[in-house]
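Everything below concerns the one structure shown next.
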Amino acid sequence: MENIRSTLFVEINKFEYIFAVGNYKNDNTCELLQKINVPLKGIINNKISDLEILLSIIKENIFLIEQKLNCTLKDVVIILDTFEYYTTSVSGFKKLNGSQLSKENISYIINSLKLKISENEPLKTILHIFNSKYFLDEKEIDNLPIGLFGNFYSHELSFLLWNKNDYKNLLNIFNKCNLRIKRIISKSFIEGVNLINNHQNLQTFFKIEINKNFSRILFFENLSLKFTQNFQFGSDLLLKDISKITGLDFDIVKNLLQDLKLKKNVNFEENIEEKFFKNINFRKIKKSLVFEIAAARIEEFSEIILKKNINLKHLLKKDTKIFLCLIDEEAGRSLDSTYKRSFSALKSYEVSITTNLLFEDIFETTNNIVHYGWSKEAIPITQEKRSVIARFFDLIFG
159 MENIRSTLFV
169 EINKFEYIFA
179 VGNYKNDNTC
189 ELLQKINVPL
199 KGIINNKISD
209 LEILLSIIKE
219 NIFLIEQKLN
229 CTLKDVVIIL
239 DTFEYYTTSV
249 SGFKKLNGSQ
259 LSKENISYII
269 NSLKLKISEN
279 EPLKTILHIF
289 NSKYFLDEKE
299 IDNLPIGLFG
309 NFYSHELSFL
319 LWNKNDYKNL
329 LNIFNKCNLR
339 IKRIISKSFI
349 EGVNLINNHQ
359 NLQTFFKIEI
369 NKNFSRILFF
379 ENLSLKFTQN
389 FQFGSDLLLK
399 DISKITGLDF
409 DIVKNLLQDL
419 KLKKNVNFEE
429 NIEEKFFKNI
439 NFRKIKKSLV
449 FEIAAARIEE
459 FSEIILKKNI
469 NLKHLLKKDT
479 KIFLCLIDEE
489 AGRSLDSTYK
499 RSFSALKSYE
509 VSITTNLLFE
519 DIFETTNNIV
529 HYGWSKEAIP
539 ITQEKRSVIA
549 RFFDLIFG
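With the numbering used here applied, the sequence shown covers 159 to 556.
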């Protein structure tokens, strides 16, 4: 029997597509009914490379899910973790002249800034808008100061943008599958919200993720996604350095680090055990050399991503919390203390090692955002058409 409250969730990340169906219950919670993982095809270097392949994959897996669940899916929520994203923050203001700040004033600012971004970035589309900061008479306010009196109000918005052609292509693909796109949400936003939900009073923080072949950093300020940046290097570069300097095969280095991860105490003055020298002559190489090479490369990672990143010059403060997620088990867990020490910059920053989210966590957080919204996410309101005279008086009296 068809269930009209079933919704399709599709995650597109750098490695795979994840198709999942959630069934809404009477209390608006969403139960995960079905999940299919499919290797990534049709997207290369964060861009759609083959529309036909992408359409075929989506159609085929939607058909499989509908057949298995005996339902017809109508809505889709898309979780994006690939493509290129751009962040920018802009401020708008309203002269109040002692009057009361209204919802209409704020709606006007949000829509005006949204229009300005759209005009200045014609090749990009807006994925998210966040209410970053509010100032009333030069004093920062924690919440929207609707109803308060003042002379001058300033409102900062943060925008997450992405390529307009990618958006149109996805829209076209899902239209051909007879699915209405309910929401498109950045996975970085979802991950940040998940951290906030699991840490009391957490509002401003960095999250740094080290994968095998890429890394990224995101910054939340006042519960708003303010900045995100990707880097084209990851833990494999660290393993290659160790392999090159020691002369050990890449796979041997991986096995060595995996073995060290399982040991509670490591004597760095010991030589690497002979068991790791498969099919090559045994050589005396101290374990300390491996860790020295790793520490040097990790320090370089921390400088490029965080400490000397010019984009973070005005965002990085000593009391900001940093969450460090090490995806690669071989080059991550055995070196987590080295990563933590380097990214903490001699304990100037509070660094916590965190784990990669399971899809079930992503699914639950996404559903909550879709159903209940997010307190700092700004939804532009379509304003009614105004007469020429009304617009004229607006120009004069602001």
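Yeah, the Cβ is synthetic: ideal placement off N, Cα and C, and Gly gets one too.
All values derive from a computational prediction rather than experimental measurement.
With 16 other CB atoms within 10 Å as the buried threshold, where does residue i fall?
| i | result |
| --- | --- |
| Leu482 | buried |
| Phe307 | exposed |
| Thr230 | exposed |
| Asp208 | exposed |
| Thr187 | exposed |
| Asp477 | exposed |
| Ile211 | exposed |
| Ile176 | buried |
| Asp486 | buried |
| Ile368 | buried |
| Ile202 | exposed |
| Asp324 | buried |
| Tyr311 | buried |
So the beta strand (DSSP E) residue i belongs to, where does it begin and stop?
| i | result |
| --- | --- |
| Arg341 | Arg338 to Ser344 |
| His357 | No beta strand (DSSP E) contains His357, which DSSP labels as neither H nor E. |
| Thr512 | Glu508 to Thr512 |
| Glu169 | Ser164 to Ile170 |
| Glu522 | No beta strand (DSSP E) holds Glu522; the alpha helix (DSSP H) holding it covers Phe517 to Tyr530. |
| Ser257 | Run containing Ser257: none; DSSP gives neither H nor E here. |
| Gly180 | Glu174 to Tyr182 |
What residue range does the alpha helix (DSSP H) around residue i cover?
| i | result |
| --- | --- |
| Arg455 | Lys445 to Ser460 |
| Asn195 | First-last for Asn195: Cys188 to Pro197, but that is the beta strand (DSSP E), not the alpha helix (DSSP H). |
| Glu535 | Per DSSP, Glu535 belongs to no alpha helix (DSSP H) and is neither H nor E. |
| Asn333 | Lys322 to Lys334 |
Tell me which residues share the same chain as residue i and place their Cβ nearer than 7 angstroms to its Cβ, disregarding the 5 neighbours each side in the sequence.
| i | result |
| --- | --- |
| Gln192 | Ala178, Val179, Ile223, Lys226 and Leu227 |
| Asp519 | Asn352 |
| Ile267 | Gly250, Lys252 and His313 |
| Ser446 | Phe426 and Glu427 |
Quick one: what's got a C-beta closer than 8 angstroms to residue i's C-beta in the same chain, skipping five residues either side?
| i | result |
| --- | --- |
| Val248 | Leu271, Lys274, Ile275, Glu314, Leu315 and Phe317 |
For residue i, which residues in the same chain have their Cβ closer than 6 angstroms to its Cβ, ignoring the five residues on either side in sequence?
| i | result |
| --- | --- |
| Leu281 | Lys322 |
| Tyr244 | Leu319 |
ask   = At what residue ranges does the stretch 462-497 contain a whole run of the alpha helix (DSSP H), taking only runs of 4 or more?
value = 487-490
message = Ignoring anything shorter than 4 residues, give me the alpha helix (DSSP H) runs that lie fully in the stretch 275-308, in order along the chain.
response = none
key: Completely contained beta strand (DSSP E) runs for the stretch 208-238, where each covers 3 or more residues   = 233-238
query = For the 8 angstroms Cβ check, are there 3 or more pairs between the stretch 455-462 and the stretch 392-412?
reply = Yes, since at least three Cβ pairs between the stretch 455-462 and the stretch 392-412 fall closer than 8 angstroms, the two stretches touch.
query = Going along the chain, which unbroken runs of the alpha helix (DSSP H) with 4 or more residues stay wholly within the stretch 362-445?
reply = 393-404 and 408-419
task = Inspect the CB distances between the stretch 326-335 and the stretch 265-280 and report whether three or more fall short of 8 angstroms.
result = With the cut-off at 8 angstroms, the stretch 326-335 and the stretch 265-280 do not touch.
task = Report yes or no: do three or more beta-carbon pairs, one from the stretch 517-531 and one from the stretch 398-416, lie closer than 8 angstroms?
result = no
message = Using 8 angstroms as the cut-off, can you tell me whether the stretch 353-362 makes contact with the stretch 331-344, which would need three or more C-beta pairs spanning the two stretches below that distance?
response = no
inquiry  = Using a Cβ distance threshold of 8 angstroms, determine whether the stretch 459-469 contacts the stretch 372-390, with at least three qualifying pairs required.
reply    = Counting C-beta pairs with one atom in each stretch, the stretch 459-469 and the stretch 372-390 have three or more that are closer than 8 angstroms, which means they touch.
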